[in-house]
Amino acid sequence: MPTLDELWAAAYDPGVRRHLDYPGGSLVDGFDRFTREFHDRPALDFFGARTSFTELKRAVNQVAGRLYELGVRPGDYVALLMPTCPQHVIAFYAVLACGATVVEHNPLYTIRELTPLFGDHHAKVAIVWDASAHVLQELPDDVRPDTIISINMITAMPFIKRLLLRLPIAKARRSRAQLSRPAPGTLAFADLLKPGRPAPSDVRPSSEDIALVLYTSGTTGTPKGVPLTHANLLACATQALEWVTPLKPGHDVFLACLPLFHVFGCSLSMNAGLTDGAMLHLIPKPETGLILDAIKRCTPTMAIAVPPLFERIVDGAAERGVSLRGIQTGISGAMSLRGELIEKWEKATGGLLIEGYGLSECSPILTGNPVNKNRMAESIGVPFPDTEVRLADPEDSSKDVAFGEPGEILAKGPQIFSGYLNLPAGEKDGFYDGWFRTGDIAVADERGYLHIVDRMKEVVITGGFNVYPSEVESAMRDHDGIRDIAVVGLANELGVEEVVAAVVTVDGLLPDVDELRKSVKERLAAYKVPRRVYVVDELPRNEMGKVLRREVRSRLERRDFSDQLAKLNPKWRVQLDEIGPDVREWFSQAGDELQERLESSGQEMRERLENLDTNVRSWIEEEGSGLRERLEKMDLPTRLGIWRDQLLGKGSEKYDAEEQNSEASEESDKPKDLESKDTEGQDAERQDADR
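Pasting the structure below:
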């Protein structure tokens with residue numbers, strides 16, 4: 001039986017080396033190289049306005065000189081909060097040319113989201129989109145940047161686009177407001193684009209200096225800064241360009257439709273693309289219309305996106321009659337790529353669509369499918385060059401799992417970071433003996449190709465069994481009427497975790513829960529079948545389109561709690577709705593903190609409950625059922641009404657009428673929650689699953 005390393009070597013495209021030579025120096029040195037080599041080539045396309053590599057270098061030098069005059073020095077942090085636009089690219093390399101570090105943030109973040117982040121990195125200078133400048137200005141005094149520079153995206157557009165945005169019609173006014181708003185009290189980025197002295201050459205960074213910091217919350221919800229060095233990012237760009245064999249340096253066009261404030265867009269679309277001498281189609285907002293307009297202007301040879309975006313592009317192109325032929329390679333990440341979408345994309349483009357895998361901590365790529373017909377659908381492929389991977393026992397990282405068994409992905413490589421920002425001295429969170437612990441569970445097939453099973457922290461432990469949410473989601477997704485789905489673990493009345501599903505249905509129609517559970521049971525073991533099914537309007541996702549299961553679980557917990565209150569007294573819900581926004585926000589913050597504490601401290605208690613003897617749990621359920629029956633016989637609502645009348649006296653008749661109206665309103669406004677009904681057969685099935 002060949003080893004995994006031997007299988008991975010056999011899977012490599014013949015034109016890809018397993019070990020590479022990496023450029024020395026920094027991203028600034030790399031910038032000098034590619035702007036010199038491709039000087040007359042267009043580097044950026046923004047709504048048809050093009051910037052050559054020579055013009056890009058001139059702009060970067062000008063802005064770097066002004067930033068240095070503003071006091072930016074080596075080791076400083078400069079925050080960028082911008083959509084994808086030419087100013088974003090210029091600012092990124094200008095900050096690096098000062099020897100400083102770029103900190104990327106989503107420009108749509110709120111004060112609440114940005115305050116702890118700025119409190120962590122303490123950037124004194126921020127370059128921000130006009131529409132978001134007021135958020136930075138309202139940050140607390142101890143974290144607010146000293147200097148805020150605002151950018152106006154309209155100035156980077158072609159003349160005709162700028163002219164159209166000035167038309168006195170509603171649509172033009174709305175677009176103009178979205179792209180630019182007044183930002184009083186800030187410096188104008190346009191003023192930095194003026195001739196002047198460049199930044200001194202002695203401030204240039206070294207390969208081991210931190211180039212970029214991004215914040216990732218993972219599944220914990222607590223943001224952690226991920227510092228990536230110049231060497232990390234150069235290594236990732238080198239690996240990616242080696243991997244994608246169809247590329248032709250100096251002749252490619254990259255579709256940069258992912259945000260540059262995300263590592264996927266920043267590292268692969270921008271850094272790797274410009275290193276390749278490609279022209280970048282800069283898309284400020286990943287809307288289908290904007291993307292198709294860019295494709296019509298100049299067909300890209302490389303598209304880097306996520307599955308929902310690939311689907312929207314191919315469907316939108318079919319509807320509008322836009323040809324996608326000529327897009328040679330599509331690189332997908334962030335979530336599983338379905339075989340049906342691969343087939344549809346490759347039929348429309350004549351090229352290949354492959355899936356890769358990585359994390360912010362890996363700059364971001366760890367593995368990928370070979371860019372040829374040997375790629376495997378619904379697999380994350382094999383490790384990139386110079387990348388070591390182990391599948392370790394999730395309970396003991398010192399041991400590897402047996403072939404074919406699920407294990408945690410541990411990795412080493414030149415693209416992988418060294419540790420999170422501002423951790424206490426000596427603490428190496430996320431590492432075991434020099435190996436980065438990804439927290440993702442994967443299994444290798446007979447060809448050595450890796451398949452993601454799920455996140456370790458999202459595994460549902462029920463009745464002593466591990467249930468992987470993605471496996472259950474896959475079994476439910478093909479059911480008629482299900483448009484979107486997320487499976488999470490949720491505690492029942494006894495505090496025992498159960499598998500539950502939140503589903504978005506087609507046209508809001510309610511699914512047959514019994515039929516849905518039956519179809520899942522035909523494909524999976526009984527203990528994996530969701531005990532409860534909730535219908536929701538939509539699932540929370542991050543900027544890359546990935547479902548936020550932690551937020552799904554939090555929303556379902558709040559919904560359960562609200563429903564329990566409503567069952568006790570319908571007027572309570574009305575009273576809760578009348579609580580002021582500030583108080584509700586305080587409760588939300590306190591609830592998040594409490595949930596984190598419960599998640600960390602309650603694991604031991606959950607394990608004890610799950611390990612209880614089956615007979616004891618059955619006895620508890622039987623006693624609980626008997627208790628509920630006795631409470632029903634007591635006719636508690638009637639007794640409470642009598643006590644209330646005694647307290648209220650003569651005003652009780654009016655109160656009763658109000659309560660009746662409230663109950664009628666409550667019944668008509670009942671949310672579309674569905675819970676699987678506990679029939680006698682399902683009770684028996686639950687006992688079987690627990691055993």
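Numbered by full-length UniProt numbering, the letters in the sequence shown go through residues 1 to 691 in order. Cβ atoms here follow ideal geometry from the backbone N, Cα and C, with glycine treated the same way.
Can you round the beta-carbon distance between V16 and P385 to whole angstroms, since I take them to be within the 8 angstroms contact cut?
7 angstroms
CA-CA distance, R320 and E515?
38 angstroms
Under 7 angstroms between C-beta atoms of T299 and Q328:
no
A235 and P83 - do their beta-carbons sit closer together than 7 angstroms?
no
Between the alpha carbons of D454 and L337, how many angstroms are there, rounded?
14 angstroms
Option nearest L292 by Cα separation, candidates S269, G316 and L7:
G316
From the DSSP output, read off the bridge partner residues of L187.
I149
Taking the CB atoms as reference points, tell me whether residue 694 and V306 lie closer together than 7 angstroms.
No information on residue 694 is available, as it lies outside the stretch 1 to 691 that the chain covers here.
CB-CB length for L255 against I304, believed under 8 angstroms
7 angstroms
When you compare only the Cα positions, how much space is there between L70 and F31?
23 angstroms
Could you tell me which of R523, A100, T51 and K248 sits nearest to S207, measuring between CA atoms?
A100
Drop a sphere of 10 angstroms on the beta-carbon of G48, count the other beta-carbons inside from all chains shown, and report buried for 16 or more, exposed for fewer.
exposed
Beta bridge counterpart(s) of T51 as assigned by DSSP:
L44
Burial state of R531, where buried means 16 or more other Cβ atoms lie within 10 Å:
buried
Checking the sheet assignment: what are the DSSP bridge partners for G358?
I365
Go ahead and pull the three-state DSSP assignment for V322.
coil
Check each candidate in Y468, D537 and L80 and name the one with the smallest Cα separation from H121.
L80
Three or more C-beta pairs closer than 8 angstroms, one from the stretch 368-378 and one from the stretch 342-358: is that the case here?
yes
Is L4 helix, strand or coil when you go by DSSP?
helix
At a cut of 8 angstroms, does the stretch 278-293 reach the stretch 111-119 through at least three beta carbon pairs?
no
If D45 and L280 are in contact, beta carbons under 8 angstroms, what's the gap, nearest whole angstrom?
7 angstroms
C-beta atoms of V487 and A475 nearer than 7 angstroms:
no
Closer than 6 angstroms by C-beta to A9: which residues in its own chain qualify, once you throw out the five before and the five after it? Chain order, please.
none
Kindly list the residues whose CB is nearer than 8 angstroms to the CB of V60, restricted to its own chain and excluding five residues on each side of it in sequence; keep chain order.
F31, I90, Y93, A94 and A97
Note down, in chain order, each residue of its chain lying with its Cβ closer than 7 angstroms to the Cβ of A231, except the 5 sequence neighbours on either side.
S207, E208 and P414
Using the rule of at least 16 other Cβ atoms within 10 Å of the residue's Cβ for burial, across every protein chain shown, is L509 buried or exposed?
exposed
List the endpoints of the continuous alpha helix (DSSP H) containing S474.
P469 to R477
D440 by DSSP, collapsed to three states: which one?
strand
Measuring alpha carbon to alpha carbon, tell me which residue in R523, Y534, K521 and R517 is nearest T505.
Y534
Taking 7 angstroms as the limit between beta carbons, can you name the residues of its chain near F189, skipping five residues before and five after?
Q87, I127, I149, S150 and I151
Measure how close the beta-carbons of A392 and G407 come, nearest whole angstrom, since I'm counting them as under 8 angstroms.
5 angstroms
Any Cβ of chain B within less than 7 angstroms of the Cβ of A348?
No chain B appears in this structure, which consists of one protein chain only.
Have a look at L490, F118, L193 and T245 and flag the residue whose alpha-carbon is nearest the alpha-carbon of R553.
L490
Give the range of the beta strand (DSSP E) segment to which V532 is assigned.
Correcting the residue identity first, residue 532 is Arg in this sequence and not Val. Element bounds for R532: R532 to V535.
Just the Cα atoms here: how many angstroms apart are L108 and P286?
14 angstroms
Identify the continuous alpha helix (DSSP H) that holds residue 728 and give its terminal residues.
Since the first residue shown for the chain is 1 and the last is 691, residue 728 is missing from the structure and cannot be characterised.
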